[in-house]
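Right, one structure below, let's go through it.
Residue numbers (our numbering): 3 to 310.
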């Protein structure tokens, strides 16, 4: 009965099968993956900068560090009399809200009409679901920072919505793999694993709000997702739309003969090692001499102030 209703409606359920397109075409397209990677990178970079800034500001002012999803940028004050006087700017929350809306509006109201009643619609709706949760998290962050609404919201609601964003991402990526080639499946599985790790870090951050390492690890995991997507898409998706058969042909003896590594489980297994090396490179950059020198100078300045 449910199938008959779907076939009689505007959408045909048989058109939503996702198998044939991903066996014939390159997995995904370049703009559809680069745009989310850009706003993941911007959000992760801002979280990292403001978490470190908040930590060292608390050190220099002898204040207790307390983590939160949104750490506003403290400024000397932007005053336009008699309208407002801004002493802190929630930069990351506005970035999440604006960038998420840009992707969501373009994908839903522009590209959506080109995919009406086609097999490509449901995978894109899954991406839109992730973008919508990202937008809602940015909106909740703004409400938690604004003094007039902050007192009305329950404590920790910003962590709930941000955890829901990464949980939705992991869930959508796991159920996003029907009919994909092994390499494409493994790419999404690794991305979902990083998202699940971010949920665990957020849970630990809620339990230990006075520890500064959890906001930094959360930001680094977001940067890992963005840079991993950049790294993978630059090598896996060509700049022009071509068939996957052009560089991964099926042997003339038939499909039983093993083809190129793109169609092998062996090639997909190498991706886990690739992600491990990519992660090590990202976290190794955090331990460079320049950063250690900056931290040493910061501690010297703090010691000089205490002596004075």
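For every residue, glycine included, the Cβ atom is placed at its ideal position computed from N, Cα and C.
Which of helix, strand or coil DSSP assigns to residue i
i: residue 155; result: coil
i: residue 14; result: Note on residue 14: pLDDT 44, under 50, position unreliable in the model; the coordinate value appears next. DSSP places residue 14 in coil when its eight states are reduced to three.
i: residue 213; result: coil
i: residue 90; result: strand
i: residue 29; result: Residue placement at residue 29 cannot be trusted, given a pLDDT of 41 that sits under 50; the coordinates are not used to answer.
Pairwise C-alpha distance: residue j and residue i
i: residue 147; j: residue 176; result: 33 Å
i: residue 190; j: residue 279; result: 17 Å
i: residue 66; j: residue 213; result: 10 Å
i: residue 112; j: residue 105; result: 10 Å
i: residue 54; j: residue 75; result: 12 Å
i: residue 155; j: residue 138; result: 14 Å
i: residue 97; j: residue 197; result: 20 Å
i: residue 101; j: residue 41; result: 6 Å
i: residue 124; j: residue 59; result: 46 Å
i: residue 193; j: residue 62; result: 37 Å
i: residue 195; j: residue 185; result: 15 Å
i: residue 275; j: residue 232; result: 17 Å
i: residue 277; j: residue 229; result: 10 Å
i: residue 174; j: residue 136; result: 14 Å
i: residue 129; j: residue 64; result: 44 Å
i: residue 39; j: residue 183; result: 22 Å
heavy atom of the ligand ATP below 8 Å from residue i C-beta
i: residue 147; result: Because no ligand of any kind appears in the structure shown, any question about the ligand ATP cannot be addressed here.
Residue range of the alpha helix (DSSP H) that includes residue i
i: residue 96; result: 93-108
6 Å CB neighbourhood of residue i in its chain, flanking five on each side removed
i: residue 206; result: 216
i: residue 211; result: 68 and 69
i: residue 171; result: 132 and 197
i: residue 248; result: Residue confidence is low: residue 248 scores 40 on pLDDT, short of 50, so the model does not pin down where it sits. Its coordinate-derived value is still stated next. Counting only Cβ-Cβ distances below 6 Å, and skipping sequence neighbours, we find nothing.
i: residue 227; result: 42 and 196
i: residue 56; result: 73
i: residue 37; result: 105
Cβ-based neighbour list, residue i, same chain, cut-off 7 Å, excluding 5 preceding and 5 following
i: residue 142; result: 159, 160 and 163
i: residue 72; result: 92, 94, 95, 143, 146, 147 and 160
i: residue 220; result: 49, 200, 203, 204 and 207
Assumed close pair residue i, residue j - CB separation to whole angstroms, cut-off 8 Å
i: residue 165; j: residue 201; result: 5 Å
i: residue 43; j: residue 223; result: No, residue 43 and residue 223 are not in contact; Cβ-Cβ is about 12 Å, not under 8 Å.
i: residue 107; j: residue 126; result: So it is not a contact: roughly 13 Å between Cβ atoms.
i: residue 99; j: residue 140; result: 4 Å
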